[in-house]
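My numbering applies: residue 1 is where the sequence shown begins, and numbers increase by one.
In this text, a Cβ means the ideal position worked out from N, Cα and C, and glycines have one as well.
None of the values given here were measured: they were computed from a predicted structure.
Before any comments, here is the structure.
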Amino acid sequence: MTESLWFSAVPRIQEELHFDDRRIRCFADRPRSVYALLSDAVARFPEGEALVDGDLRLRWHEVQGRADELASGLASAGLVPGDRAALVLGNSASFVTIIFALARMGVIAVPIGTRSSASEIAYMLENSGCCAVFCDSETVARLPDAALLPGVRLRVCLSQQPGCQALDEIALAGRGAAPVQAYAGSEEDAAYILYTSGTTGRPKGAILTSLGVVHSTMHYEACMGLGPADRSVISVPMSHVTGLVALVLTAVRCAMTLIVMAVFKAKQFLQLAERERMTHTLMVPAMYNLCLLQPDFSGPALKSWRLGAYGGAPMPPATIEALASKLGGLELMNAYGATETTSPATMTPPGSTASHTDTVGISVPCAEIIIADFDGTPLPTGTSGEIWIRGPMVVKGYWQNPTATAESFTDGFWHSGDIGTMDDSGFVRILDRIKDVINRGGYKVFSSEVEAVLASHPQVIESAVVGRPCPVLGERVHAFVVVRDGASADSLKMFCAERMSDYKVPETFTLSSEPLPRNANGKLLKRQMRDAATEAAQAVFEKHPVRPVENK
Numbered sequence: 001m002t003e004s005l006w007f008s009a010v011p012r013i014q015e016e017l018h019f020d021d022r023r024i025r026c027f028a029d030r031p032r033s034v035y036a037l038l039s040d041a042v043a044r045f046p047e048g049e050a051l052v053d054g055d056l057r058l059r060w061h062e063v064q065g066r067a068d069e070l071a072s073g074l075a076s077a078g079l080v081p082g083d084r085a086a087l088v089l090g091n092s093a094s095f096v097t098i099i100f101a102l103a104r105m106g107v108i109a110v111p112i113g114t115r116s117s118a119s120e121i122a123y124m125l126e127n128s129g130c131c132a133v134f135c136d137s138e139t140v141a142r143l144p145d146a147a148l149l150p151g152v153r154l155r156v157c158l159s160q161q162p163g164c165q166a167l168d169e170i171a172l173a174g175r176g177a178a179p180v181q182a183y184a185g186s187e188e189d190a191a192y193i194l195y196t197s198g199t200t201g202r203p204k205g206a207i208l209t210s211l212g213v214v215h216s217t218m219h220y221e222a223c224m225g226l227g228p229a230d231r232s233v234i235s236v237p238m239s240h241v242t243g244l245v246a247l248v249l250t251a252v253r254c255a256m257t258l259i260v261m262a263v264f265k266a267k268q269f270l271q272l273a274e275r276e277r278m279t280h281t282l283m284v285p286a287m288y289n290l291c292l293l294q295p296d297f298s299g300p301a302l303k304s305w306r307l308g309a310y311g312g313a314p315m316p317p318a319t320i321e322a323l324a325s326k327l328g329g330l331e332l333m334n335a336y337g338a339t340e341t342t343s344p345a346t347m348t349p350p351g352s353t354a355s356h357t358d359t360v361g362i363s364v365p366c367a368e369i370i371i372a373d374f375d376g377t378p379l380p381t382g383t384s385g386e387i388w389i390r391g392p393m394v395v396k397g398y399w400q401n402p403t404a405t406a407e408s409f410t411d412g413f414w415h416s417g418d419i420g421t422m423d424d425s426g427f428v429r430i431l432d433r434i435k436d437v438i439n440r441g442g443y444k445v446f447s448s449e450v451e452a453v454l455a456s457h458p459q460v461i462e463s464a465v466v467g468r469p470c471p472v473l474g475e476r477v478h479a480f481v482v483v484r485d486g487a488s489a490d491s492l493k494m495f496c497a498e499r500m501s502d503y504k505v506p507e508t509f510t511l512s513s514e515p516l517p518r519n520a521n522g523k524l525l526k527r528q529m530r531d532a533a534t535e536a537a538q539a540v541f542e543k544h545p546v547r548p549v550e551n552k
């Protein structure tokens with residue numbers, strides 16, 4: 001089994017559980033709730049440093065004390081188990097306190113990204129049926145008017161704001177109230193509703209269970225060898241699955257120190273990492289590239305940094321080599337997953353990233369991955385098909401959306417929408433999103449393959465390849481490329497032509513020095529770029545109508 005490739009710390013005792021129509025293998029020694037993650041950390045290391053947020057430093061018992069007081073105050077304000085409460089908050093120690101107060105109460109937390117528009121926030125509040133919302137001074141203005149969503153009866157802000165109660169006032173009220181009994185529900189109860197990024201339409205609310213969340217933190221702990229001596233900087237949003245599960249909740253599971261960064265800026269990140277002796281983080285590859293561009297990116301200054309995890313996109317080989325030359329002791333690990341897998345489904349085992357740059361690693365313990373045909377039939381090793389994922393970390397569906405749930409889940413397997421292959425050793429390779437495959441006159445072009453070639457060009461920082469409409473071939477290959485000075489479309493086209501079949505070579509380019517558009521999860525907004533390429537192509541067609549030509 002692929003589990004033999006992981007650290008010896010991977011728990012070996014497993015059991016099989018049955019929930020409704022799901023049959024899954026689980027770690028037998030798991031905590032039974034999200035709140036139990038915090039209780040366990042306090043029991044083991046009450047005086048351990050838990051959170052660093054600017055000048056604020058909290059120990060584990062202090063985090064629990066704040067969360068418990070807030071839970072009592074929120075209970076006095078009328079929140080009960082099963083209620084939903086949204087967090088439209090940036091990264092802060094208060095975010096951590098709030099999610100554990102809600103976990104103690106059995107209230108389902110609904111984190112919402114701070115980059116969401118007013119209409120998106122209103123939709124998610126209404127769709128999830130939230131009765132409470134937490135905001136800060138930056139997001140309060142985007143909350144819908146109380147008259148539009150009367151069901152949201154409690155509005156709490158981190159600071160004094162009109163129409164809101166201050167968080168400190170709620171916590172103060174909790175000090176004199178009776179303690180809230182820690183919620184003792186099923187492990188299959190919803191712990192979080194996280195809305196998908198919505199790159200293809202309305203976002204769907206993925207239901208993350210306590211079991212799935214706890215299991216994912218144990219995956220990170222075991223597969224990355226994390227422990228209480230580690231110090232992790234979080235610079236990705238806490239409101240998204242990577243920040244919430246891979247960093248915040250994993251830090252609690254491991255009782256390690258979490259250092260909060262409100263917004264990622266490469267220079268400040270490196271300064272914070274040096275000052276706080278960071279040992280671990282998880283970012284998207286673009287953030288590593290921005291760090292490499294900093295003149296003060298120094299190995300000796302970052303000698304504590306031992307583990308750099310990444311996800312959301314492939315890490316270009318040139319970036320891996322540059323990091324190795326700067327930080328010889330840094331272990332890089334790719335983590336592939338989604339909101340629907342509560343973060344990790346695969347990871348690259350220690351020491352394998354440099355030799356498997358074109359893969360996302362192997363399945364995490366207790367997970368099952370198959371490469372499926374269009375009808376769900378498992379395909380032979382090495383054959384490309386859709387990646388289906390099953391395991392304790394897979395969500396049980398979408399909130400109040402049975403149609404989308406039925407379309408995306410079969411016998412506990414989540415249909416990822418990614419095309420990939422698996423080799424004899426269990427390493428998974430992502431070829432493309434199903435919707436991103438380019439059909440050029442009957443030839444299938446995987447955008448990721450073209451992007452990998454472009455990434456090997458010394459003057460390319462990042463790229464995204466899409467199909468643009470063509471009245472003759474259906475689609476042609478177009479590349480959006482962020483370049484350094486001196487790169488040209490002709491030189492890039494020649495570079496690609498020397499390394500791939502002619503039908504895969506981009507015929508047109510959009511070159512820029514600005515970063516490519518991404519959503520809050522760090523994923524490329526290919527639909528936006530595809531629309532731009534389509535509009536440009538349409539303008540050309542209108543000026544110069546194209547007649548079909550044979551042998552093209």
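In the same chain as Pro378, and ignoring 5 residues on each side of it, the C-beta atoms closer than 8 angstroms to its own belong to Ile370, Ile371 and Ala372, in chain order.
Per DSSP, His280 lies in no alpha helix (DSSP H); the unbroken beta strand (DSSP E) holding it starts and ends at His280 to Met283.
Secondary structure note for Asp432: its beta strand (DSSP E) is the uninterrupted segment Val428 to Arg433. CA-to-CA, the gap between Leu516 and Ala533 works out to about 14 angstroms.
For Glu475, the closest of Leu37, Arg104, Pro31 and Arg530 by C-alpha to C-alpha distance is Arg530. The C-beta separation of Arg277 from Tyr183 comes to about 36 angstroms, leaving the pair out of contact by the 8 angstroms criterion. Short of 8 angstroms from the beta carbon of Gly486, and not among the five residues preceding or following it, lie these beta carbons of its own chain, in chain order: Gln459.
DSSP, read as helix, strand or coil, puts Asn401 in coil. Where Met422 is concerned, the enclosing beta strand (DSSP E) starts and stops at Phe413 to Met422.
Judged by DSSP in its simplified three-state form, Ala184 adopts coil rather than helix or strand.
Pairing Phe27 with Gly391, the inter-Cα distance amounts to about 11 angstroms. Under the three-state reduction of DSSP output, Asn334 falls in the strand class. Secondary structure remark: continuous beta strand (DSSP E) runs of at least 3 residues inside the region 107-175, in chain order: 108-111, 132-135 and 154-157. When DSSP states are grouped into helix, strand and coil, Arg44 belongs to the helix group. Distance from the CA of His61 to the CA of Val42, rounded to the nearest whole angstrom, comes to 6 angstroms.
DSSP, reduced to helix, strand and coil, places Ala246 within a helical segment of the structure shown.
Residue environment for Pro300: exposed (fewer than 16 other C-beta atoms within 10 angstroms of its C-beta).
Below 8 angstroms, enough C-beta pairs join the region 79-89 and the region 104-124 to call them touching: three or more. Using a Cβ distance threshold of 8 angstroms, Leu431 and His457 do not count as a contacting pair. Within the DSSP bridge table, the entry for Val260 names Ile234 as partners. For Ile370, the uninterrupted beta strand (DSSP E) run begins and ends at Glu368 to Ala372, by DSSP.
For Ser325, the enclosing alpha helix (DSSP H) starts and ends at Pro317 to Lys326. Per the coordinates, the alpha-carbon of Leu143 lies some 7 angstroms from the alpha-carbon of Ile121.
For Ser363, the secondary structure class from DSSP, reduced to helix, strand or coil, is strand. Under the Cβ criterion (8 angstroms, minimum of three pairs), the region 50-61 does not count as touching the region 155-172. In the three-state scheme derived from DSSP, where H, G and I count as helix and E and B as strand, His18 is classed as strand.
Inclusion of Val233 and Met261 in the CB contact set at 8 angstroms is warranted, their separation being smaller than that value.
With at least 16 other beta carbons inside 10 angstroms of its own, His478 counts as buried. In the DSSP assignment, Thr217 falls within the unbroken alpha helix (DSSP H) covering Ser210 to Met224. Counting along the chain, Lys444 sits inside no alpha helix (DSSP H); it lies in the beta strand (DSSP E) bounded by residues Tyr443 to Val445. For the pair Ser304 and Phe264, the CB atoms are not nearer than the 8 angstroms cut-off. Looking from the CA of Ala266, the closest CA among Ala246, Asp296 and Leu247 belongs to Asp296. A Cβ-Cβ separation of about 20 angstroms leaves Pro237 out of contact with Cys254 under the 8 angstroms criterion. Straight-line spacing of the CA atoms in Gly73 and Gln181 works out to 13 angstroms. Per DSSP, the beta bridge partners of Asn439 are Lys444. Residue range Gly474 to Val483 is occupied by the beta strand (DSSP E) that includes Arg476, with no alpha helix (DSSP H) assigned at that position.
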